[in-house]
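In the numbering used here, the protein residues as written are 15 to 222. Here is the structure we will look at, set down as structure tokens.
As structure tokens, this is what we get:
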């Protein structure tokens, strides 16, 4: 498992990069996690309905090829793109989602943030029902791309401009609001470790 840190990037360029990576990989290509922080953007999934975008204002809306409804990405949010070969890992799509959820839940536990998954709506939620992590994936040629968005310390206001993940009134929280860390740098290594373990890897190496 190779981990790449992309820093802060606009969304579309990274989306194009992960499409190209997935289209050109073969059975010998190493699986990768890409850690990135995006400029403010709303992304609308394949099943996304326009009525869930309430008042985007000055934040662009991008139609993308992942599953799910509309979500927000922006500074203070740790996005991780998960490019793994499901056949090689012997995982189905639902098993992959569960592994990602478990990796995030394990990370949050280290910071005394209790959380769980929901059978009816992928992602990770606090015990009071607030969403702290979104998950949206695409599978192509038996390999995944897109991934997760963990709210570390983003501005929560833009989530009020949409129905997050298609749910009206869904409350959004962050690690900072749950008395946890408030920088991406403070959690990225631990998150990579948790995800690698939950996906069945012995560990990871960092791209230089």
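Even glycine gets a Cβ: it sits at the ideal position worked out from N, Cα and C.
Alpha carbon of residue i to alpha carbon of residue j, nearest angstrom
i           : j           : result
residue 139 : residue 113 : 15 Å
residue 144 : residue 45  : 31 Å
residue 132 : residue 208 : 19 Å
residue 41  : residue 171 : 42 Å
residue 119 : residue 192 : 14 Å
residue 1   : residue 66  : As shown, the chain starts at 15 and ends at 222. That puts residue 1 outside it, with no answer to give.
residue 129 : residue 211 : 18 Å
Residue from the options with nearest C-alpha to residue i
i           : options               : result
residue 35  : 160, 77, 57 and 64    : 160
residue 29  : 121, 128, 57 and 66   : 57
residue 235 : 189, 204, 27 and 184  : The question about residue 235 has no answer here: the residues shown for the chain are numbered 15 through 222.
residue 167 : 149, 153, 152 and 195 : 195
residue 93  : 72, 64, 116 and 48    : 48
residue 69  : 59, 55 and 61         : 55
residue 80  : 104, 151 and 156      : 151
Residue environment, residue i, which counts as buried when at least 16 other CB atoms sit within 10 Å
i           : result
residue 74  : exposed
residue 91  : buried
residue 83  : buried
residue 104 : exposed
Segments of 4+ residues assigned as alpha helix (DSSP H) that fall wholly inside the stretch 144-218: 202-212
In chain order, each beta strand (DSSP E) run of at least 3 residues that lies wholly inside the stretch 39-68: 46-52 and 55-58
Minimum length 3: unbroken beta strand (DSSP E) runs contained in the stretch 71-155: 75-77, 85-87, 91-97, 138-140 and 145-154
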